[in-house]
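Visitor:
There are 2 protein chains.
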Amino acid sequence: MDSTLIKGLTMLEVLAKSPGPRGISDLAGELQLTKSNVHRTLQTLVAAGYVRPSEGTGTYECTLKLFELASSVMSRLDVPSAADSYMHALASETNETVHLAMLDGLEVIYVHKIESQQPVRAYSAIGGRAPAHCVATGKALLAYQDGGGPTGLPDRLPRHTGRTITGRDELLGEFASVRRQGYAINRGEWRESVCGLAAIVLDAAGRPTAAIGISGPAERLRVTALRRYAPVVVDAARSLSERLGCTRYDQVVREYAGGAKKPNKGG
Amino acid sequence: MDSTLIKGLTMLEVLAKSPGPRGISDLAGELQLTKSNVHRTLQTLVAAGYVRPSEGTGTYECTLKLFELASSVMSRLDVPSAADSYMHALASETNETVHLAMLDGLEVIYVHKIESQQPVRAYSAIGGRAPAHCVATGKALLAYQDGGGPTGLPDRLPRHTGRTITGRDELLGEFASVRRQGYAINRGEWRESVCGLAAIVLDAAGRPTAAIGISGPAERLRVTALRRYAPVVVDAARSLSERLGCTRYDQVVREYAGGAKKPNKGG
DNA sequence: GGCTGCGTTCTATTATTTAGAACGCCGTAT
DNA sequence: ATACGGCGTTCTAAATAATAGAACGCAGCC
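Protein chains in written order, with this note's numbering: chain A, -9 to 257; chain B, -9 to 257.
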């Protein structure tokens, strides 16, 4: 199945995630390929503009072309830049790290964040991933997928801590409660010591596009603290949604909560 | 030369730059390939996680994997997020659009921007490109490449307006003046009606890594206005550089101005 | 001065991708 | 109700394109 393409993409991936330029033998070792194979593939990647030879020394590194492409993908959803100010506001209200996440399959990917100024804080990286079923932003996103859950949710999901919800039925119940409350909570279900709270962000068509949330150490974000912060997080999600052109945030959210499988969309 | 890889990357590129999901025949038409070929390649891209079938309808769209990779590439240079606050400050001081640009070959790529609040403003897109020799950020970046200019600068560069500097020697002279002044100016050399001003950003090792600049309509940014703004732009570049760990910004810049081809690097 | 590591080049062998037609599906127009 | 046209998908023989492995040139190092 187009192994050349797979190899090329994998090589690009390795190169993108490397801290610096890489040599041919180095890559050949990591990818279990012959040197000539790596060489040829790299030359193709260079010709396509994704990679460039690092000056002088015979090593290769990524260009910014990946960034260019990624920007095109993101630009049709200009959510991150629109979200920036609301996230800053949320950060100063809660003093916790603020995330904007989008769904990619059964994972969330963090597209923007504001770091908490506190010495102890939750860590995450822009572009990083987390399993959606055990983080607050992910649960918020899954809860608002059409049909009360994503298509193809397996019977059992991977466990990461003692608190991870792994059963599908249990998870669907959780989603229902997320829709009832209007926000999702994570109590150490992904990382033992990290809790979070998130709310759904709707676009101009009333469709769920992202989730905005806060997260921090479990000691600071006990359930009582989380519930106290819930209104401001929901406010931020609502404001952002309105900024994106959604004029009936509360109404759409209520329709989801009411159990309507496919609420009439409305911006 | 690995045509399969080229096709796959091209297809990914087209898909990334499309406004929405695309069908197979559609892509086959645009890429001049047979349907079966497109189909197979798409399946490979799906398997690799770069593309997903768009629900229901038989079309395909990009996942966020490209964003994930691009984020890894950018993360080793955490310049954009570090730059954010300085750029905001610059935006409120000048009321113009603020850019952060990096060099990619002989082009700049915009990695971050703060939009001016003025009704009339310069347009650009994050991830977008511009020829380095005729924009302020690009000239700043080129001027500080080792050797007083980039390697492989052709004798003559493409003209875009009547003011574009196209001759290599003339351009090298311009770079020298940029180094003398500590900032670069663009007077409608890329788009007739857009002017700009930019200064170099140095990293912890004293190496040029980005340029920060403002740009706006020529009527507002005449040369006098530009020169008035020069100090605040340079201040922003210096502050950002210091934030990145460069402790001797002025000294390094002066060494470049002095004509030292390769100043001693120092953070 | 020879050795070891690197990136690069070369070529016959081989597995891979390719083109093109046929298939099944669905909505539309007849 | 039915035939049509367009779509994504599948299949298979034919041939192109990628592969492995050794040889080469060039460093720096012992």
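Where is the CB? At the ideal position from N, CA and C, for every residue including glycine.
1) Distance, Cα to Cα, HIS89 of chain B vs THR34 of chain B?
2) Thinking ARG169 of chain B and ALA247 of chain B are a contact (beta carbons under 8 Å), I'd like their distance in whole angstroms, please.
3) Short of 8 Å Cβ to Cβ, which residues in the stretch 27 to 50 of chain A face chain B?
4) Report yes or no: is there a C-beta of chain A within less than 7 Å of the C-beta of PRO121 of chain B?
5) Alpha carbon to alpha carbon, how far is LEU187 of chain A from ARG218 of chain A?
6) Check each residue of the stretch 59 to 85 of chain A: if its Cβ is closer than 8 Å to any Cβ of chain B, include it; give the result in chain order.
7) Below 6 Å CB to CB, which residues in the same chain sit around GLY172 of chain A once its five sequence neighbours on both sides are set aside?
8) Which residues, in order along the stretch 1 to 18 of chain A, keep a beta-carbon less than 9 Å from a beta-carbon of chain B?
9) In this structure, what does DSSP give as the bridge partners for LYS103 of chain B?
10) Just to confirm before moving on: does the CB-CB distance between VAL213 of chain B and ALA200 of chain B stay below 7 Å?
11) Kindly say whether GLY117 of chain B, judged by its beta-carbon, lies nearer than 7 Å to any beta-carbon of chain A.
12) Going straight from the alpha carbon of ALA120 of chain A to that of ILE99 of chain A, what length do you get?
13) Please tell me whether ARG66 of chain A and PRO9 of chain B are closer than 7 Å, where the distance is taken between their beta carbons.
14) Please list, in chain order, the chain B residues whose beta carbon lies closer than 9 Å to that of THR24 of chain A.
15) Can a CB atom of chain B be found closer than 7 Å to the CB of CYS52 of chain A?
16) So if I threshold CB-CB distances at 9 Å, which residues from the stretch 185 to 212 of chain B count as touching chain A?
17) Can you tell me whether ALA73 of chain A is buried or exposed? The criterion is at least 16 other CB atoms within 10 Å of its CB, across all chains shown.
18) List the residues of chain A whose Cβ lies closer than 7 Å to the Cβ of LEU56 of chain B, in chain order.
19) Ordered along the chain, which non-local residues of its own chain (more than five positions away) have a Cβ less than 6 Å from that of ARG228 of chain A?
20) So THR87 of chain B contacts chain A; which residues on that side make the cut at Cβ distance below 9 Å?
21) Spatial neighbours of GLU83 of chain B within its chain, please: C-beta separation below 6 Å, excluding the five flanking residues on both sides.
22) Measuring only the C-alpha atoms, how far is ALA189 of chain B from ALA126 of chain B?
23) Compute the beta-carbon to beta-carbon distance between ILE279 of chain A and MET77 of chain A, rounded to the nearest angstrom, for a pair I have assumed lies under 8 Å.
24) For SER183 of chain A, which three-state DSSP category applies?
25) Between the Cα of LEU132 of chain A and the Cα atoms of A:LEU161, A:HIS150, A:GLN107, which residue gives the shortest distance?
26) Against chain A, does THR(-6) of chain B count as a neighbour if the rule is that its beta carbon must be under 7 Å from one of theirs?
27) Note down, in chain order, each residue of its chain lying with its Cβ closer than 7 Å to the Cβ of SER346 of chain A, except the 5 sequence neighbours on either side.
28) Around the C-beta of SER231 of chain A, are 16 or more other C-beta atoms found within 10 angstroms, so that it is buried, or is it exposed?
29) Is the CB of ASP136 of chain A under 7 Å away from at least one CB in chain B?
30) Please classify GLY48 of chain B: is it buried, with 16 or more other beta-carbons within 10 angstroms of its beta-carbon, or exposed?
31) Show which residues of chain B have a CB atom less than 9 Å away from the CB atom of VAL125 of chain A.
32) Measure the beta-carbon distance from LEU315 of chain A to ASP193 of chain A and round it to whole angstroms, keeping in mind my assumption that it falls under 8 Å.
33) Could you work out which residue in A:GLU179, A:PRO70, A:SER183 is closest to HIS102 of chain B when comparing CA atoms only?
34) LEU147 of chain B and ILE175 of chain B: beta carbons closer than 7 Å?
Guide: In short, the structure shows the following:
1) One-based indexing of the second sequence puts residue 89 of chain B at position 99. One-based indexing of the second sequence puts residue 34 of chain B at position 44. Going from the Cα of HIS89 of chain B to the Cα of THR34 of chain B covers about 37 Å.
2) Locating residue 169 of chain B in the second sequence gives position 179, counting from the first residue. Locating residue 247 of chain B in the second sequence gives position 257, counting from the first residue. Cβ atoms of ARG169 of chain B and ALA247 of chain B come within 8 Å of each other, at about 4 Å.
3) Hits within the stretch, in order: ARG30, THR31, GLN33, THR34, LEU35, ALA37, ALA38, TYR40, ARG42, GLU45.
4) By 1-based counting over the second sequence, the position of residue 121 of chain B is 131. With 7 Å as the cut-off, PRO121 of chain B does not count as an interface residue toward chain A.
5) By 1-based counting over the first sequence, the position of residue 187 of chain A is 197. By 1-based counting over the first sequence, the position of residue 218 of chain A is 228. Taking the CA atoms as reference points, LEU187 of chain A sits about 11 Å from ARG218 of chain A.
6) If the cut-off is 8 Å between Cβ atoms, the stretch 59 to 85 of chain A has LEU59, ALA60, SER61, SER62, VAL63, MET64, SER65, ARG66, SER71 near chain B.
7) Reading the first sequence from its first residue, position 182 is the one you call residue 172 of chain A. Cβ within range, chain order: VAL224, VAL243.
8) Per Cβ criterion, the list reads LEU2, GLU3, LEU5, ALA6, LYS7, SER8, PRO9, GLY10.
9) In the second sequence, counting from the first residue as 1, residue 103 of chain B sits at position 113. According to DSSP, which records beta bridges pairwise, LYS103 of chain B is partnered with B:HIS89.
10) Residue mapping note: residue 213 of chain B aligns to position 223 of the second sequence, counting from 1. Residue mapping note: residue 200 of chain B aligns to position 210 of the second sequence, counting from 1. The Cβ atoms of VAL213 of chain B and ALA200 of chain B do not sit closer than 7 Å to each other.
11) As a first step, residue 117 of chain B is located in the second sequence; it is residue number 127 there, counting from the start. True, the Cβ-Cβ gap to chain A drops below 7 Å.
12) Here residue 120 of chain A refers to the residue found at position 130 of the first sequence. Here residue 99 of chain A refers to the residue found at position 109 of the first sequence. Distance from the CA of ALA120 of chain A to the CA of ILE99 of chain A, rounded to the nearest whole angstrom, comes to 7 Å.
13) Numbered from 1 along the first sequence, position 76 holds the residue referred to as residue 66 of chain A. Numbered from 1 along the second sequence, position 19 holds the residue referred to as residue 9 of chain B. Against a cut-off of 7 Å, the Cβ pair of PRO9 of chain B and ARG66 of chain A comes out as a contact.
14) Counted from its first residue, the first sequence places residue 24 of chain A at position 34. Using a Cβ-Cβ cut-off of 9 Å, THR24 of chain A is close to nothing in chain B; its nearest Cβ partner there is about 14 Å away.
15) In the first sequence, residue 52 of chain A corresponds to position 62, counting from 1. So yes, CYS52 of chain A belongs to the interface.
16) Within the stretch 185 to 212 of chain B, no residue has a Cβ that lies closer than 9 Å to any Cβ of chain A.
17) As a working mapping, residue 73 of chain A is identified with position 83 in the first sequence. With 16 or more Cβ atoms within 10 Å of its Cβ, ALA73 of chain A is classed as buried.
18) By one-based count along the second sequence, residue 56 of chain B stands at place 66. Near LEU56 of chain B (Cβ distances below 7 Å), the residues of chain A are LEU56, LEU59, ALA60, VAL63.
19) What you label residue 228 of chain A is simply residue 238 of the first sequence in a count that begins at 1. Same-chain partners within the cutoff: TYR239.
20) On the second sequence, residue 87 of chain B is found 97 positions in, with the first residue counted as 1. By Cβ distance, chain A contributes nothing, its closest Cβ being about 13 Å from THR87 of chain B, past 9 Å.
21) Translated into the one-based positions of the second sequence, residue 83 of chain B becomes position 93. For GLU83 of chain B, where only same-chain residues beyond five positions count, the Cβ hits under 6 Å are VAL222.
22) To locate residue 189 of chain B, count along the second sequence from 1; it is residue 199. To locate residue 126 of chain B, count along the second sequence from 1; it is residue 136. ALA189 of chain B and ALA126 of chain B have their alpha carbons spaced roughly 8 Å apart.
23) Past the edges of chain A, shown from -9 to 257, lies residue 279 of chain A, and the structure says nothing about it.
24) Here the question's residue 183 of chain A lines up with position 193 in the first sequence. Three-state result, SER183 of chain A: coil.
25) Translated into positions along the first sequence, residue 132 of chain A becomes position 142. For the residues A:LEU161, A:HIS150, A:GLN107, the minimum Cα distance to LEU132 of chain A belongs to A:LEU161.
26) On the second sequence, position 4 is the one that residue -6 of chain B refers to. THR(-6) of chain B counts as touching chain A.
27) The structure shown does not extend to residue 346 of chain A, since chain A spans only -9 to 257, so no value can be given for it.
28) What you label residue 231 of chain A is simply residue 241 of the first sequence in a count that begins at 1. Burial call: buried.
29) Position 146 of the first sequence, counting from 1, holds the residue named residue 136 of chain A. It does not; no Cβ of chain B falls within 7 Å.
30) Translated into positions along the second sequence, residue 48 of chain B becomes position 58. With fewer than 16 other Cβ atoms within 10 Å, it is exposed.
31) Your numbering for residue 125 of chain A matches position 135 in the first sequence. Per Cβ cutoff of 9 Å: no residues; VAL125 of chain A is ~15 Å from chain B at best.
32) With chain A represented from -9 up to 257, any question about residue 315 of chain A goes unanswered, as that position is not in the structure.
33) Stepping through the second sequence from its first residue, residue 102 of chain B is reached at position 112. With respect to the C-alpha of HIS102 of chain B, the residue from A:GLU179, A:PRO70, A:SER183 having the closest C-alpha is A:PRO70.
34) In the second sequence, the residue the question calls residue 147 of chain B occupies position 157. In the second sequence, the residue the question calls residue 175 of chain B occupies position 185. No, Cβ-Cβ distance for LEU147 of chain B and ILE175 of chain B is not below 7 Å.
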